[in-house]
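A.B. asks: Sequential numbering from 224 applies to the sequence shown in my numbering.
Every residue gets a Cβ at the ideal spot worked out from N, C-alpha and C, and that includes glycine.
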Amino acid sequence: MTIDKLKEQFLSIAVSLLLLFMDLRFKWSSEINMEKLIDKAVDYSSISFGFLLTVLAILLQTQTKAISAIKHAGGLEI
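(1) Since ILE270 contacts LEU282 with CB under 8 Å, what's their CB separation in whole angstroms?
(2) Quick check: what's the CA-CA separation for SER253 versus MET224?
(3) Tell me the residue span of the alpha helix (DSSP H) that contains GLU258.
(4) Under a three-way DSSP split, which group does LYS250 fall into?
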């Protein structure tokens, strides 16, 4: 196994465990207002979805070789 493979497999687990330990130690979760957090998460996710949808629409309207190759390789009939 290479270092990159080990990082790919275990880095997310290590960061998650570190955040869990820090949360248990400093009790951050008791200070978080979940209602505000979920409300803001919905706002940010809808903004992100709209932005990505706009980028997709712009890309599908272009007539470059790369986009045409992707359209034909994926079987898109646009």
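C.D. replies: According to the structure shown:
(1) Actually they are not in contact, since the Cβ atoms of ILE270 and LEU282 sit about 19 Å apart, beyond 8 Å.
(2) 40 Å
(3) 257-284
(4) coil
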